[in-house]
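To keep things clear, I will list the structure first and then write my remarks on it.
Number of protein chains: 2
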Amino acid sequence: MTTAATTATETIDTSKIKPVNPPHRLLMAPGPVNVDPRVLTAMSKPTVGQFDPYMFKVMGEVQAMFRTIFKTSNKQTMVVDGTSRSAIEAALVSVLAPGDPVLVCVAGRFGMLLKEIAERAGADVHVIERPWGEVFTLAEIEEAIKSVRPKLVATVQGDTSTTMCQPLEGLGDICHRYGALLYTDATASLVGNDMQADAWGLDIVTTGMQKCLGGPSGSAPITVSDRAVEVINERRSIEAGVANAGEIAPDADRIHSNYFDMAQIFDYWGPRHLNHHTEATHALYAVHEAARIVCEEGIDNAIARHALNGRAMSAAIEGMGLKLYGDQSHRMNDVVGVIIPDGVDDAAIRAQLLNDFSVEIASSFGPLKGTIWRIGVMGVNARKDAVLTCAAALGNVLERNGVKVSTDKGIEAALEVYGE
Amino acid sequence: MTTAATTATETIDTSKIKPVNPPHRLLMAPGPVNVDPRVLTAMSKPTVGQFDPYMFKVMGEVQAMFRTIFKTSNKQTMVVDGTSRSAIEAALVSVLAPGDPVLVCVAGRFGMLLKEIAERAGADVHVIERPWGEVFTLAEIEEAIKSVRPKLVATVQGDTSTTMCQPLEGLGDICHRYGALLYTDATASLVGNDMQADAWGLDIVTTGMQKCLGGPSGSAPITVSDRAVEVINERRSIEAGVANAGEIAPDADRIHSNYFDMAQIFDYWGPRHLNHHTEATHALYAVHEAARIVCEEGIDNAIARHALNGRAMSAAIEGMGLKLYGDQSHRMNDVVGVIIPDGVDDAAIRAQLLNDFSVEIASSFGPLKGTIWRIGVMGVNARKDAVLTCAAALGNVLERNGVKVSTDKGIEAALEVYGE
Chain A
959 MTTAATTATE
969 TIDTSKIKPV
979 NPPHRLLMAP
989 GPVNVDPRVL
999 TAMSKPTVGQ
1009 FDPYMFKVMG
1019 EVQAMFRTIF
1029 KTSNKQTMVV
1039 DGTSRSAIEA
1049 ALVSVLAPGD
1059 PVLVCVAGRF
1069 GMLLKEIAER
1079 AGADVHVIER
1089 PWGEVFTLAE
1099 IEEAIKSVRP
1109 KLVATVQGDT
1119 STTMCQPLEG
1129 LGDICHRYGA
1139 LLYTDATASL
1149 VGNDMQADAW
1159 GLDIVTTGMQ
1169 KCLGGPSGSA
1179 PITVSDRAVE
1189 VINERRSIEA
1199 GVANAGEIAP
1209 DADRIHSNYF
1219 DMAQIFDYWG
1229 PRHLNHHTEA
1239 THALYAVHEA
1249 ARIVCEEGID
1259 NAIARHALNG
1269 RAMSAAIEGM
1279 GLKLYGDQSH
1289 RMNDVVGVII
1299 PDGVDDAAIR
1309 AQLLNDFSVE
1319 IASSFGPLKG
1329 TIWRIGVMGV
1339 NARKDAVLTC
1349 AAALGNVLER
1359 NGVKVSTDKG
1369 IEAALEVYGE
Chain B
959 MTTAATTATE
969 TIDTSKIKPV
979 NPPHRLLMAP
989 GPVNVDPRVL
999 TAMSKPTVGQ
1009 FDPYMFKVMG
1019 EVQAMFRTIF
1029 KTSNKQTMVV
1039 DGTSRSAIEA
1049 ALVSVLAPGD
1059 PVLVCVAGRF
1069 GMLLKEIAER
1079 AGADVHVIER
1089 PWGEVFTLAE
1099 IEEAIKSVRP
1109 KLVATVQGDT
1119 STTMCQPLEG
1129 LGDICHRYGA
1139 LLYTDATASL
1149 VGNDMQADAW
1159 GLDIVTTGMQ
1169 KCLGGPSGSA
1179 PITVSDRAVE
1189 VINERRSIEA
1199 GVANAGEIAP
1209 DADRIHSNYF
1219 DMAQIFDYWG
1229 PRHLNHHTEA
1239 THALYAVHEA
1249 ARIVCEEGID
1259 NAIARHALNG
1269 RAMSAAIEGM
1279 GLKLYGDQSH
1289 RMNDVVGVII
1299 PDGVDDAAIR
1309 AQLLNDFSVE
1319 IASSFGPLKG
1329 TIWRIGVMGV
1339 NARKDAVLTC
1349 AAALGNVLER
1359 NGVKVSTDKG
1369 IEAALEVYGE
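Listed in order, the protein sequences are those of chains A and B.
Going by my numbering, the first sequence opens with residue 959, and the numbers climb by one from there.
Going by my numbering, the second sequence opens with residue 959, and the numbers climb by one from there.
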């Protein structure tokens, strides 16, 4: 990664900085992806105040649409004002008081992140691990639950670092049988893969906007079951500056973050609209339009579209003679892992792809850094021309770097998936 | 406040929700204010990836411009991805380890918020208080420092709940003499009032976009002195999923939040660009353009403009026969407090102002709820026609509600301030 821009800040004449004028990229990394033009337009509508009746209408509609998208009837469905991991931290710090036992399922970077956030929250953290590229069976999660007896089981549905999608159907029942709540991070999986919050018994699900929702990073939708709301509200407090007499909970009980106090966020989104943060108006407009696009298409159609395009991208990769990474029967629909051929310079290939074709793909983290490429087929980019363009560009760059691939065959294989 | 919209979510048909189409408001509450149209345009530019060289250029320019705006040479000047209070929490939780003594100066709701956030961070919190509507002398803050010997002194420059602006010049030297760091929350004051981070010895200053910067809520600029960086980096750690071998600090030392770990945010904005969150691209474009507008005008010219328009608004209020709230010699340039005349229904007047003129003003919190109105003269709304329109509309609504005011005299008094 270049350091030039950062170093250059020291000598920038701030009176001469030009307006932002970004290059046109085709963003085929697993997020952020290109924001849908409809969302960009929505974002630039006029500002209203945070207590404007119109703002309440937009908030209410966002809540309703995310109930549809999460497949839930949870009253407490809303948006945390921050990037994807802000909602993760809000979920964990609001449920887990210091010392509370939590079981974290780790099979990639984002499982490790859940572990770290839970540790920082002071929880009693227990971990089960699987090698990167695999998923857990429900049976082994149940075994661990039996032994740990956690307050919360924390999972990642789609861990983009490995491209794997953890099966969750039935896990809620298991957790509830042992008195545990179930959390899942669906940042990179929601709208690209099936996710049934209510039917699968998920108590908290969080996501981000910059993946399959095709919106801008910076807002993090969350849904919370009544069961989890009850646990969170045990530590509910009202900020002294906005409370009525006698409403403030004792200091000792409070959730250990103000910004991530979900009980206060419920009250902000609820009928009293108790001031907490100042809702990010324009980001919320973006969330609204991104959700509208999904609801218009229909959530199951959107998932099917991601699956189709993910299959086409996989076919292109294999068709051109490259190898796919990980257990394909559990691959996320919206991310394809590609094993980087021996002797190929990961960074050089990606730089050339960006410079010549303006196409961005990513490598991964930890043990997979420089070992696999990750291609995202997400949001507005889950479409035929994006898949074919990315495949053709990658094939061409590899060929020019002396890697033996057959780009034509890759494109043909993808077209076959599309039935053409 | 209406609850209708929220209740209605239960029955919304999500396939029939219309695109956002907000009413045209003149937002004269103390934030959020109307986002400058230039900023709205910048926000809708094409997305780039978070590690794109162009993204690094935008980040570097944002850092440089905020050094100009904060009047600092602090290397660690950047944006936290969240609303104003996200940067407040990031500052406090990154400096204060559990048990660390902190002195919080409380003379309004936002001082109370600093106290609450520090308490939740587990700090040993000591408070000095002044009645709402007053400010502290540096001598009384020094007395408290002598007795508490805090690691950090936390202050609010402009507490919008009271419209007061706390003098800070010289306070840095006092704090440093006793080995304390100095933090100030300049959410509502920056760009509207003078703020000299380096000259006044401020170690951390945070702000928001939706006030005098004329941008959208959701991004929170912050600047951190080398002295404070050193304290924060004592607990620096690198996320396991992105660390090289041996780089992870011991668990016990970590800052008690991942999202608000400023050491990790420094590393994300620094030459290694170590992945932390996914920077909110489009919000950053907005921050860039809002900062460009201030740098183009010149920070001191922008402050003078806020002062002029604040004086005009005050003159209009007094001219029409209403009373100003609080110690006027310490009033924030950009917020005017108006004592609500006896017997006047606060909520009814504000609702009529919104419904008839589409002008929004605010009441306040705590002891001042329903007692004062707060009129913001901020960002793009710190201009003559906005001030006159707000004054004329308020005067008219009051007259129609039987309150004896002389709107014409108010407008005349404002025009005199403008030299007309």
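All C-beta atoms, glycine included, are put in the ideal place defined by N, C-alpha and C.
Three-way DSSP call (helix, strand, coil) for A/Ala1344 in this model: helix
Beta-carbon spacing of B/Leu1110, B/Ala1138 below 8 Å: yes
Residue range of the alpha helix (DSSP H) that includes B/Arg1308: Asp1304 to Phe1315
First through last residue of the alpha helix (DSSP H) which encompasses A/Thr1026: Pro1011 to Phe1028
A/Ser973 burial status per 10 Å Cβ neighbour count (16 or more: buried): exposed
Within-8 Å CB hit, A/Cys1253 to chain B: yes
Listed by chain order, chain B residues near A/Met1070 by CB distance under 8 Å: Glu1197, Ala1198 and Gly1199
As assigned by DSSP and simplified to three states, the class of B/Pro995: helix
From A/Asp1292, A/Val1375 and A/Arg1088, residue whose alpha carbon lies closest to that of A/Val1062: A/Arg1088
Closer than 8 Å to chain A by CB, B/Val1006: yes
Chain B contact for A/Ile970 (CB, 8 Å cutoff): yes
Of the residues A/Ile1086, A/Thr1095, A/Glu1019 and A/Cys1123, the one placed nearest A/Ser1105, counting alpha carbons only: A/Ile1086
Local conformation of A/Leu1282 per DSSP, three classes: strand
Separation of A/Lys1003 from A/Asp1010, as counted between CA atoms: 15 Å
CA-to-CA distance, A/Val1038 to B/Ile1257, given in whole angstroms: 32 Å
Start-to-end residues for the beta strand (DSSP E) that takes in B/Ile1257: First-last for B/Ile1257: Ile1257 to Gly1277, but that is the alpha helix (DSSP H), not the beta strand (DSSP E).
Under the three-state DSSP convention, the category B/Ala1055 falls into: coil
Residue ranges of each beta strand (DSSP E) within the region 1131 to 1202 of chain A, 3 or longer: 1139 to 1143, 1162 to 1164 and 1178 to 1182
Closer than 9 Å at the beta carbon, the chain A residues around B/Tyr1226: What B/Tyr1226 touches in chain A: nothing, since even the nearest Cβ is about 11 Å away.
CB contact flag (B/Val1317, B/Thr1347, <8 Å): yes
Paired residues, beta bridge with A/Gly1328 - DSSP: Its beta-bridge partners do not exist; DSSP assigns none.
N-terminal and C-terminal residue of the beta strand (DSSP E) that A/Ile1086 is part of: Asp1082 to Glu1087
Residues of the region 1290 to 1316 of chain A whose Cβ lies closer than 7 Å to any Cβ of chain B, in chain order: none
Local conformation of A/Gln1115 per DSSP, three classes: coil
Amino acids of chain B, ordered along the chain, whose beta-carbon sits closer than 8 Å to that of A/Glu1247: Pro977 and Val978
Given 8 Å, three or more beta-carbon pairs between the region 1042 to 1059 of chain A and the region 1076 to 1085 of chain A: yes
Residues of its chain near B/Thr1145, where Cβ-Cβ distance is below 6 Å and the 5 sequence neighbours each way are ignored: Ser1042, Thr1165 and Gly1166
Any C-beta of chain A under 8 Å from that of B/Ile1075: yes
Inter-residue spacing [alpha-carbon to alpha-carbon] between B/Thr960 and A/Arg996: Low per-residue confidence applies at B/Thr960: pLDDT is 34, beneath 50, and the placement is therefore not dependable enough to give any value.
Reduced DSSP secondary structure (H/G/I, E/B, other) of B/Ala962: Since pLDDT at B/Ala962 reaches only 37, below the 50 mark, its modelled position is unreliable, and the value read off the structure follows with that caveat. Note: B/Ala962 maps to helix in three-state DSSP.
Beta-ladder partner(s) of A/Val1037, from DSSP: A/Pro1179
Helix, strand or coil at A/Leu1373 according to DSSP, with G and I counted as helix: helix
Alpha-carbon to alpha-carbon, A/Glu1276 and A/Gly1368: 7 Å
Coil, strand or helix - B/Gly1368 by DSSP: helix
B/Gly1091 burial status per 10 Å Cβ neighbour count (16 or more: buried): buried
Spatial distance of A/Lys1342 from B/Asn1339 (CA atoms): 46 Å
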